[in-house]
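Enquirer:
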Amino acid sequence: MDGLLLHRLLPGLPDEVRVGAGQQRSLVLGTRAEARLCADLITGLDEPPANAAVETSGPVRLVPAEGGLLPHLTVLGNILHGHIATHRVTREAADKQCRLTANNCDLDDVLHRYPHEITPGRRRLAGLARAVRADPSVIVLEDAPGLPTWGSLLRPDNITELWSIALVLITTDAERAKAFDR
Numbered sequence: 001m002d003g004l005l006l007h008r009l010l011p012g013l014p015d016e017v018r019v020g021a022g023q024q025r026s027l028v029l030g031t032r033a034e035a036r037l038c039a040d041l042i043t044g045l046d047e048p049p050a051n052a053a054v055e056t057s058g059p060v061r062l063v064p065a066e067g068g069l070l071p072h073l074t075v076l077g078n079i080l081h082g083h084i085a086t087h088r089v090t091r092e093a094a095d096k097q098c099r100l101t102a103n104n105c106d107l108d109d110v111l112h113r114y115p116h117e118i119t120p121g122r123r124r125l126a127g128l129a130r131a132v133r134a135d136p137s138v139i140v141l142e143d144a145p146g147l148p149t150w151g152s153l154l155r156p157d158n159i160t161e162l163w164s165i166a167l168v169l170i171t172t173d174a175e176r177a178k179a180f181d182r
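Sequence positions in the sequence shown follow this note's numbering and run 1 to 182.
Here it is, written out as C-alpha cells:
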C-alpha cells in the first residue's frame with residue numbers, strides 16, 4: 001500500500017481510513033486536543049491505542065498550522081533545511097531542487113524573506129515545501145481557525161511532488177475540511 005492506512009485510531013473517526021499516494025483527505029475531530037493527538041499518532045510521536053494501527057509506506061512529515069518554519073532562516077533556508085536533513089547531495093543540487101519546489105508552491109518571490117515578513121498563507125506553503133523536500137510518503141497538515149484554508153492554498157496540479165504523497169488534513173472544522181477533500 002502506498003500512502004497511509006489508519007485502523008481504529010480514535011473514537012469519532014471511521015474504523016478504517018485509507019489515503020493513497022497522490023490523494024488528499026481530511027479528518028475532522030471534535031476538539032483541538034483530539035486533533036493534536038491524531039497528528040501525533042500519525043506522525044509517530046505517540047503510540048496508537050491497543051487494537052489501533054497506523055501503517056505508512058514510508059516517512060511521515062508534519063506541517064504545523066503556522067507552517068513550522070525556523071524564524072532565523074529565510075524561506076529558502078527553511079526549505080533547504082528540510083532537504084539537506086534528508087538527502088546527501090551537494091549544496092548546489094539541493095538549492096536547485098528546493099528552488100523548483102518553491103516555484104511550484106508559488107514562493108519564488110519570497111525566498112529571501114524571513115517567516116515574519118510573509119503572510120500566514122505563504123508560511124503554510126513554505127512549511128509544505130519544506131516537508132515535500134524531505135521526500136515523505138505522507139504529509140500531515142494541521143489546521144487552525146483564522147488561517148487561510150489548506151484547500152484554498154493547495155494547487156496539486158502545480159506541485160508535482162504531491163502526486164506521490166498522501167496528504168492528510170487534521171482539523172476541527174467540517175466546513176474547512178470540505179474545501180480540502182477531493
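Think of the CB as a built atom: it goes at the ideal place given N, C-alpha and C, for glycine as much as any other residue. It should be emphasised that the depicted structure is a prediction, and the values quoted were computed from it without experimental measurement.
Taking the alpha carbon of Leu-9 as the point to measure from, which residue in Val-110, Gly-44 and Gln-23 has its own alpha carbon closest?
Expert: Nearest C-alpha to Leu-9: Gly-44.
Enquirer: I need the DSSP call for Val-89, collapsed to helix, strand or coil.
Expert: The answer is coil: DSSP assigns Val-89 none of H, G, I, E or B.
Enquirer: Could you pull the start and end residues of the alpha helix (DSSP H) that Ser-137 belongs to?
Expert: It is not in any alpha helix (DSSP H) - Ser-137 carries neither H nor E in the DSSP assignment.
Enquirer: Using a Cβ-Cβ cutoff of less than 7 Å, which residues in the same chain neighbour Ser-26 once the five nearest sequence positions on both sides are dropped?
Expert: Only Leu-169, Thr-171, Ala-177, Phe-180 and Asp-181 meet the Cβ criterion.
Enquirer: For Leu-70, count neighbouring C-beta atoms within 10 Å of its own C-beta (all shown protein chains included) and say buried if the count is 16 or more, exposed if not.
Expert: The residue is exposed, with fewer than 16 neighbouring Cβ atoms inside 10 Å.
Enquirer: State yes or no: is the C-beta of Ala-35 within less than 8 Å of the C-beta of Ile-79?
Expert: It is not a contact, given that the beta carbons lie outside the stated cut-off.
Enquirer: Taking three-plus beta-carbon pairs below 8 Å as touching, is the stretch 135-152 in contact with the stretch 97-114?
Expert: No, the stretch 135-152 is not in contact with the stretch 97-114.
Enquirer: Only counting the same chain, and skipping five residues up and downstream in sequence, which positions put a Cβ closer than 6 Å to that of Pro-48?
Expert: Counting only Cβ-Cβ distances below 6 Å, and skipping sequence neighbours, we find Leu-41 and Val-54.
Enquirer: Check whether the Cβ atoms of His-81 and Arg-18 lie closer than 8 Å to each other.
Expert: Going by C-beta atoms, His-81 is not nearer than 8 Å to Arg-18.
Enquirer: Excluding five sequence neighbours on each side, which residues of the same chain lie with their C-beta closer than 6 Å to the C-beta of Leu-76?
Expert: Within the same chain, Leu-76 has close Cβ partners Leu-111.
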